[in-house]
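See below for the structure under consideration.
Numbering (the numbering used here), first residue to last: 339 to 559.
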């Protein structure tokens, strides 16, 4: 966009206005600002600029004043003035379930309550709780996959089997409900319900690639 510009006094233009004058041309270059005095700018003439100081004020960091140092303001602010960083080893509470190791259960381990199971259910994708009994002892994890065809069913079963082998042959139950639907159920039979190990194993199954096995939904425009 071309625009004539005249002035009878020294004018200061902010960067936004200057960009408007320059237009979208990539070859136009501009700095902070000063326009020639008392004449019109000819078409095609480059706008001469001059750095007259920061029009936005002091925009960077600065050293504290003597008064600020005397007030010990640094002791009253949040954070730590020290730039020395500590690298902490991640705890189990912040690790993803899929990154945890399945460990043998201690003797007399009780099955998870429904409340405990629901808290961990948020950390796995596509799984649901099913209760096949009258108490927590009947809780299981269940997940379904709707696939393209029978060949995809066989392939998914093989991929899940490989995950189980890598998890020291973790037990699970897999069913083919239709020609293209697979269901997996996980629970700890030794305690008659769910343990944290079941959720760890479910999260590892979540890492299995299934995009090439599921149907692609057609989008209509």
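No residue lacks a Cβ here, since even glycine has one placed at the ideal position from N, Cα and C.
Rounded straight-line distance, which links the Cα of residue j to that of residue i
{"i": "residue 542", "j": "residue 504", "result": "10 angstroms"}
{"i": "residue 443", "j": "residue 547", "result": "29 angstroms"}
{"i": "residue 441", "j": "residue 406", "result": "56 angstroms"}
{"i": "residue 554", "j": "residue 486", "result": "9 angstroms"}
{"i": "residue 435", "j": "residue 538", "result": "5 angstroms"}
{"i": "residue 453", "j": "residue 469", "result": "13 angstroms"}
{"i": "residue 311", "j": "residue 410", "result": "Residue 311 lies beyond the range of the chain shown here (339 to 559); nothing can be said about it."}
{"i": "residue 462", "j": "residue 488", "result": "26 angstroms"}
{"i": "residue 448", "j": "residue 530", "result": "9 angstroms"}
{"i": "residue 438", "j": "residue 540", "result": "12 angstroms"}
{"i": "residue 497", "j": "residue 455", "result": "26 angstroms"}
{"i": "residue 446", "j": "residue 523", "result": "23 angstroms"}
As assigned by DSSP and simplified to three states, the class of residue i
{"i": "residue 546", "result": "coil"}
{"i": "residue 435", "result": "helix"}
{"i": "residue 408", "result": "helix"}
{"i": "residue 536", "result": "helix"}
{"i": "residue 526", "result": "strand"}
{"i": "residue 553", "result": "coil"}
{"i": "residue 521", "result": "strand"}
{"i": "residue 514", "result": "strand"}
Nearest candidate by alpha-carbon position, reference residue i, set the options
{"i": "residue 511", "options": "477, 525, 518 and 519", "result": "525"}
{"i": "residue 521", "options": "455, 506, 466 and 446", "result": "466"}
{"i": "residue 532", "options": "402, 408, 438 and 450", "result": "450"}
{"i": "residue 480", "options": "493, 459 and 492", "result": "459"}
{"i": "residue 501", "options": "484, 445 and 544", "result": "544"}
For residue j and residue i, believed in contact at Cβ under 8 angstroms, the rounded distance
{"i": "residue 551", "j": "residue 494", "result": "5 angstroms"}
{"i": "residue 535", "j": "residue 490", "result": "Their Cβ separation, rounded to whole angstroms, is 28 angstroms, which puts residue 535 and residue 490 out of contact at 8 angstroms."}
(message) At 3 residues or longer, what runs of the beta strand (DSSP E) sit wholly inside the segment 437–486?
(response) With a minimum length of 3 residues, the continuous beta strand (DSSP E) runs that stay inside the segment 437–486 are 466–469 and 477–484.
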